[in-house]
Amino acid sequence: MVDNVGGSAPNICDQQDQLLPIANVGRIMKQILPPNAKISKEAKETMQECVSEFISFVTGEASEKCRKERRKTVNGDDICCALGTLGFDDYAGPLRRYLDRYRDQEGADHQHRATNDNEDKLKLLANNNILGSDQAPRMMMITNQYDHPHHDIQKT
Numbered sequence: 001m002v003d004n005v006g007g008s009a010p011n012i013c014d015q016q017d018q019l020l021p022i023a024n025v026g027r028i029m030k031q032i033l034p035p036n037a038k039i040s041k042e043a044k045e046t047m048q049e050c051v052s053e054f055i056s057f058v059t060g061e062a063s064e065k066c067r068k069e070r071r072k073t074v075n076g077d078d079i080c081c082a083l084g085t086l087g088f089d090d091y092a093g094p095l096r097r098y099l100d101r102y103r104d105q106e107g108a109d110h111q112h113r114a115t116n117d118n119e120d121k122l123k124l125l126a127n128n129n130i131l132g133s134d135q136a137p138r139m140m141m142i143t144n145q146y147d148h149p150h151h152d153i154q155k156t
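The sequence shown runs 1 to 156 under full-length UniProt numbering.
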């Protein structure tokens, strides 16, 4: 056995903490195999070690990029860049497209939530007689104009 820098053998619990949960690895493996396929414990453990090492390899490269740029947080762009740098271009492209779609969807969801929040606030004001019933629809149109500046207010 090879001693580590500190002179003591690595702790088994520490090694296990650095691996992905074996149940998750097994579940992902089963998704690609036929329904009646069996996966041995050794196969799951081998895959667990491989994917954990791959993730460490990629995140290490992304972390190094962040360190050089004097940033402390690794983001999705850093992971895509690391995949490309390490020669995994076949993964970097699809991940970039997924990340872009995810961000677009998050932006749309945020915009939708903001619009619903404004409408809820205006309804609350109207229900509590803070705004007159004729003022709430007009305020909603004005609020929506600021939430969606590319839409024009329709004249009533």
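We put the beta carbon where it would ideally sit given N, CA and C, even for glycine.
Q. Does the stretch 107 to 117 come within contact of the stretch 86 to 98, defined as at least 3 CB pairs closer than 8 angstroms?
A. Contact between the stretch 107 to 117 and the stretch 86 to 98 is absent: fewer than 3 CB-CB pairs across the two stretches fall below 8 angstroms.
(Q) For residue 43, count the other beta carbons within 10 Å of its own beta carbon; 16 or more makes it buried, fewer makes it exposed. Which is it? (A) Exposed, by the Cβ-count rule.
Q) Hey, residue 61 and residue 86 are a contact pair by Cβ (cut 8 angstroms); roughly how many whole angstroms apart? A) Right, the Cβ-Cβ distance comes to about 6 angstroms (below 8 angstroms), so this counts as a contact.
Q.
Please give me, in chain order, every unbroken run of the alpha helix (DSSP H) with length at least 4 that falls completely inside the stretch 35 to 112.
A. Here the runs fully enclosed are 41 to 68, 76 to 85.
(Q) Residues in the same chain with beta-carbon distance under 7 angstroms from residue 20, minus the five sequence neighbours each way, listed in chain order, please. (A) Only 48, 51, 52 meet the Cβ criterion.
(Q) Please report the straight-line C-alpha distance between residue 103 and residue 71, rounded to a whole angstrom. (A) Taken atom to atom, the span from the alpha-carbon of residue 103 to that of residue 71 is near 21 angstroms.
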